[in-house]
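Those sequence lines, one after another, are chains R and W. Quick note on the numbering used here: the first sequence kicks off at 41 and runs consecutively. Quick note on the numbering used here: the second sequence kicks off at 79 and runs consecutively. Cβ atoms here follow ideal geometry from the backbone N, Cα and C, with glycine treated the same way. These notes are about the structure you will find just below.
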Amino acid sequence: MSLTINQRTTGDVSILDLSGKITIGAGSVQLREAIRKLIDNGSKKILLNVGDVSYVDSSGIGELVNSFTNTNKVGGVLKLLNLTKKIQDLLAITKLLTVFETFTSEEEALNSFNK
Amino acid sequence: MEQNASTIALTINSSFKFTELVASVTDNITQIVGFGEEEAHWISLSVRESVINAIKHGNKLDSNKAVDVMFIISEESITISVRDYGEGFDPTHIPDPLDPTNLLNPSGRGIFYMRTFMDEVDFSSHPQGGTIVKMLKRRVISETTE
C-alpha cells in the first residue's frame, strides 16, 4: 500500500491524515477516491494532513489540485496541513502556494474554516 | 564519454510499477556519486518524471514497448538518458504550468520539475523512432582549504 488514509472529523471539518506516497497509480487514485467519498457524503470542509507523506511526484501534486478543484465545485473548501519541506518546494515553484491555504497548526486550520 | 565515467543501463517495460525500480537504482547511483540527500531526491524525482512521461506519453501505455534508461556517472556529474519507442513529441508545445490559466490543471508539471531540478534537460528524436530525454546534474564539489 503506497498511501494510508485515516479519516477523522472535528466539528464539521473532515480531516484526512495521509501517510506514505502520493505518486502515479495507487497513491493518487486512493486520494481521489477518498475525496470523492467525502464529497458524496456532503463534506464541505476538508483538511488534508500531509505531514507524514514521504514522497510526492507531479501526479501527486496534480491530485492535490484535483482534490482542491473538485471540493470547490460543490461549494466546499479544501486546505492543507503540515506541508513537508519537499511538498512545499513542489507547490512553491509551480505557484500553487498562491492557490492552497496551508497551515502548520491543526487548531489554526480548524478555526480558519469558521471565519 | 568523460574519462573515468561509468555507464549503467536498464530497460523496463511500459508499466508504472517499474518506476519504483528505476527510482531505487537512481537513489543508489546518486549515493555512489556523492550527491547530498536533497539533490539526490530531486534527481530521483526528475528521473521518475521522465520515465512516467516515456511510458504515458511516449509509449502510450503499451506494455510491449520498452523504456531504456542509461546513467553515465563520473566524479563531477550524472547524466541520465531516457528513451521511449513512441511516435515522438514536440517539447516546445508544452503548456506553461505557471500561466495563471494553467495553474489548476491536474497535469503538465513533470517536465517543468525536470527543468527546475536538473542543470540541463534536452529532448531529441532517435533516428529509429522514439524520443530521448537527456538530463545532466553536476555535483558541486566543495574545495577544502585545510
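- Annotation: residue 192/W is outside any beta strand (DSSP E); the continuous alpha helix (DSSP H) that includes it extends over 188–195.
- Closest by C-alpha distance to residue 153/W, out of 168/W, 181/W, 109/W and 138/W, is 109/W.
- Residue 132/W sits away from residue 111/W, with the two beta carbons spaced by 9 Å or more.
- The C-beta distance from residue 214/W to residue 179/W rounds to 32 Å, too long to meet the 8 Å contact threshold.
- The shortest C-alpha to C-alpha distance from residue 97/R to any of 87/R, 140/R, 60/R and 81/R is the one to 60/R.
- Apart from the 5 residues on each side of it in sequence, residue 88/R sits with its Cβ closer than 6 Å to the Cβ of 56 and 120 in its chain, given in chain order.
- Around residue 95/R, the same chain offers 61 and 63 as residues with beta carbons nearer than 7 Å, after the five sequence neighbours per side are excluded.
- Counting the other Cβ atoms within 10 Å of the Cβ of residue 77/R gives fewer than 16, which makes it exposed.
- Residue 162/W is classed as buried because its beta carbon has at least 16 other beta carbons within 10 Å across all chains shown.
- Taking a C-beta distance under 9 Å as the contact criterion, residue 147/W and residue 100/W qualify as a contact pair.
- Interface residue (Cβ-Cβ distance to chain R less than 9 Å): residue 137/W is not classified as such.
- DSSP links residue 200/W through a beta bridge to 212/W.
- If you look at residue 46/R, you'll find it in the beta strand (DSSP E) that goes 43–50.
- Between residue 74/R and residue 101/R, the CB-CB gap reaches or exceeds 9 Å.
- Taking a C-beta distance under 9 Å as the contact criterion, residue 140/R and residue 122/R do not qualify as a contact pair.
- DSSP, read as helix, strand or coil, puts residue 152/W in coil.
- In this structure, residue 149/W lies away from residue 210/W, with their beta-carbon atoms at least 9 Å apart.
- The three-state secondary structure of residue 60/R, taken from DSSP, is strand.
- Taking 8 Å as the cut-off between beta carbons, the residues of the segment 94–117 of chain R near chain W are 97, 98, 99, 101, 102, 103, 105, 106, 108 and 109, in sequence order.
- Apart from sequence neighbours up to five positions away, the residues of its chain that approach residue 96/W with a beta-carbon distance below 6 Å are 90, ordered along the chain.
- From the listed residues 43/R, 67/R, 83/R and 69/R, the smallest Cα separation to residue 53/R is found for 83/R.
- Counted as a single uninterrupted DSSP element, the stretch harbouring residue 218/W is not any alpha helix (DSSP H), since DSSP gives it neither H nor E.
- Residue pairing for residue 144/W: DSSP places it in a beta bridge opposite 91/W.
- Residue 125/W and residue 86/W have their alpha carbons spaced roughly 14 Å apart.
- In this structure, residue 187/W and residue 134/R form a Cβ contact; the two beta carbons are roughly 5 Å apart against a cut-off of 8 Å.
- Residue environment for residue 218/W: exposed (fewer than 16 other C-beta atoms within 10 angstroms of its C-beta).
- Closer than 9 Å at the C-beta level to chain W, one finds these residues of the segment 126–140 of chain R: 126, 129, 130, 133, 134, 135, 136, 138 and 139.
- A Cβ-Cβ distance of about 6 Å is found for the pair residue 92/W and residue 145/W, placing them in contact under the 8 Å criterion.
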